[in-house]
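To start, the structure under review is shown below, and the notes come after it.
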Amino acid sequence: MKFSDVTGQKELKNRFIRMIGENRLPHALMLAGQPGYGGLPLAVALAQYISCNNRGEEDSCGNCPSCLKYAKLIHPDLHFVFPINKTKKLQKKDDDKKNEIKDPVSDDALHLWRELFLGEPYCTLNQWYEQLGFDNQQGIITTAEAGQIIRKLSLKAYESEYKVMIIWYPEKMNQQAANKILKILEEPPEKTVFILVAENPESMLTTVTSRTQIFTLPAVDHDSLKEFVSARYALSGKELDEVVRLARGDVYRAMKMVRLKEENQEHLRQFISLMRLSILYHKSMPQLLSWVDEIFALGREKQKEFLEYGLRMIRENLFLGLMPDKKQEMVFMNKEEEEFSQKFSRFIHAGNIEAITREFNEAIGHIEANAYARIVFLDLCLKLSELIYREN
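FYI, the numbering for the sequence shown is -3 to 388, going by the numbering used here.
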C-alpha cells in the first residue's frame, strides 16, 4: 500500500516522509484515531515506504521487489500483531485430524488477516471478529504473543534494512503481555520500527504509551473523502454530498452508509423503539422486555454497533435542540433520522445529556467485558426512563 492509496492525511504523510529523509523517525510510534480515519492503511503505507528499495520524495515506488511483497502483505520483515482468540476457523492437523488451536497467536490467523485487509484496508475490529467467526468472544493480545514479538525481532532482517512490527489495537493487550514487551519497545534492536495503531490509547497502560511517540489522526478532510466516495461508488449530487456530510471525515462510516443503508434503518428503528419505550416506561413494561429480547438476539458486536449508533443520535439531537437554525452546519442526520428527531430532540438537553451519554458508554463497556447483555440493556432502559424526564 502506497501513501497515495490512503485517503487524506496529507499532513501526516508529509511529516513521516520528512522524518525518514532526516533520519528522525522514532523507533516506536502510535497512530491514534477512529479506524475510518485511516490509521491501519497509513501504518502499512509507512512501513512500505520505510522498506522501499527505490523510494521517491512523496511515495514508495510500488514496483520494487519489496513493494510488490508489501502489496500482498507477504514481506518477511513485516510483522503483524492483532487481537485473537480461539475459534473453529483456526485449526491445526494432529495425526491427520483437524483440531482447534487452543492458544492461537497472530501468525495462526495471518491468512485471514491478509484476506480482510487486502479486501478492505479501512477494516474495523468488528469486521475482524466476523472474519474470525466470533460470536460473543473478544480478541486479546496475550503473553504468548508478546513472546512471539520478542523472538521475531531478535532475528536479523531477511531482505529489508528494517524490520517493522505493526500492532493493531494494542489496547487489547493484557497487562502481562504489555509488561513483557516494555523493554523491547523502549530499546528495540537496531533498524526496528514499532507502529502501534490504536483507537483508544487512553485505555492503555501509561508504561506502554509513554514509550511511543503518539500521532493523532484527524478526520479525513472533506474534499479527499468526497473524491474517495465518488470514485468508489459512482455517487454524485445530493446523494454524494449527504454521505460525505454524515460521515464526518470517517472513510469506514462513509462506506458503511452506502453499503448498509438497510442496517442503518434497522438501527434507527431500534433507537426509536428504545426512546419511545423509555418515555412511556410505566405503560409499556411488556414491550420494553420484548425490545430487550430483540437486542439480546443480535450478538455482542451488533449490540455494540447499535449502542454506538445511539450515542451518535443522542449527540445529534442535542445539537438539533440547541441550534435548530444551524442544523445544516451542525447536525449530521439523514432525512429519516431528522424526521424523528424534530419531535424527539426536546427530550435531550443540557440537564441530561451528560448522564445519558455516560449510560450509553457504560453499556458499551459492559458489552465489551462480556457482561450479560439482557441485564445491560434492561438497566439502560430503566435508567433512560428516568433521565429522559430530567428537567433542563
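Every residue gets a Cβ at the ideal spot worked out from N, C-alpha and C, and that includes glycine.
For residue i, which residues in the same chain have their Cβ closer than 6 Å to its Cβ, ignoring the five residues on either side in sequence?
i, result
"L303", "F356, A359, I360"
"V193", "L27, G35, L36, A39, W164"
"T138", "A173"
"Q144", "V101"
"Q209", "P22, L25"
"F(-1)", "K9, A41, D55"
Start and end of the beta strand (DSSP E) containing residue i?
i, result
"F(-1)", "Careful: F(-1) lies outside any beta strand (DSSP E) and carries neither H nor E."
"F78", "Here F78 belongs to no beta strand (DSSP E), and DSSP marks it neither H nor E."
"F224", "First-last for F224: 218 to 229, but that is the alpha helix (DSSP H), not the beta strand (DSSP E)."
"F130", "From DSSP, F130 is part of no beta strand (DSSP E); its letter is neither H nor E."
Who are the Cβ neighbours of residue i in its own chain at under 8 Å, not counting the five residues just before and after it?
i, result
"F113", "L36, V40, L69, C119"
"R386", "G347, N348, A351"
"Q123", "L112, E116"
"V240", "H218, L221, K222, V225, A250"
Assuming residue i is part of the alpha helix (DSSP H), what are its boundary residues?
i, result
"L374", "369 to 383"
"I210", "I210 -> not in any alpha helix (DSSP H); beta strand (DSSP E) instead, spanning 209 to 212."
"L394", "Missing from the structure shown is residue 394; the chain here goes from -3 to 388 and no further."
"I97", "I97 -> no alpha helix (DSSP H), and no H or E assigned at all."
"M161", "No alpha helix (DSSP H) holds M161; the beta strand (DSSP E) holding it covers 159 to 164."
"E238", "233 to 243"
"R311", "296 to 318"
"N357", "349 to 364"
"T205", "202 to 205"
"K85", "First-last for K85: undefined, no H or E at that position."
"D104", "No alpha helix (DSSP H) contains D104, which DSSP labels as neither H nor E."
"L149", "139 to 150"
"I291", "281 to 292"
"K331", "331 to 340"
"K168", "No alpha helix (DSSP H) holds K168; DSSP gives it neither H nor E."
"A346", "Segment: none, A346 is in no alpha helix (DSSP H) and carries neither H nor E."
"A250", "247 to 255"
Exposed or buried, residue i, counting other C-beta atoms within 10 Å across all chains shown (16 or more means buried)?
i, result
"S150", "exposed"
"I310", "buried"
"G135", "buried"
"S47", "buried"
"E111", "exposed"
"P117", "buried"
"P184", "buried"
"P197", "buried"
"Y45", "buried"
"G155", "Residue 155 is actually Glu in this sequence, not Gly. The residue is exposed, with fewer than 16 neighbouring Cβ atoms inside 10 Å."
"H75", "buried"
"E333", "buried"
"K9", "buried"
"L181", "buried"
"M281", "exposed"
"R228", "exposed"
"H263", "buried"
"A142", "buried"
"H71", "buried"
Please return the same chain residues whose Cβ sits closer than 7 Å to the Cβ of residue i, not counting the five positions on each side in sequence.
i, result
"T3", "G34, V216, S220, L221, F224, V247"
"F340", "M271, N313"
"N330", "E238, L242"
"L376", "E355, A359"
"V372", "A359, H362, I363"
"G32", "Y118, D246, V247, Y248, R249"
"R370", "V288, F292"
"R342", "G317"
"K168", "P79, G135, I136, I137"
"C63", "Q44, C48, S56, C57"
"A105", "I80, L86, L128"
"M15", "L21"
"A153", "D73, K159, K187"
"A140", "D99, V101"
"L276", "none"
"L273", "S280, Q283, L284, W287, C377"
Cβ of residue i within 8 Å of any heavy atom in the ligand MG?
i, result
"A67", "Although the ligand MG was asked about, the structure shown includes no ligands whatsoever."
Is it the case that the stretch 173 to 183 contacts the stretch 48 to 57, given that we only count it when at least three CB pairs across the two stretches are under 8 Å?
Touching, no.
Of all the alpha helix (DSSP H) runs that stay within the bounds of the stretch 15 to 75, which reach a length of 4 or more residues?
List check, alpha helix (DSSP H) in window: 35 to 47, 61 to 66.
Contact between the stretch 55 to 71 and the stretch 200 to 219: three or more CB pairs below 8 Å?
No, because fewer than three Cβ pairs between the stretch 55 to 71 and the stretch 200 to 219 fall closer than 8 Å, the two stretches do not touch.
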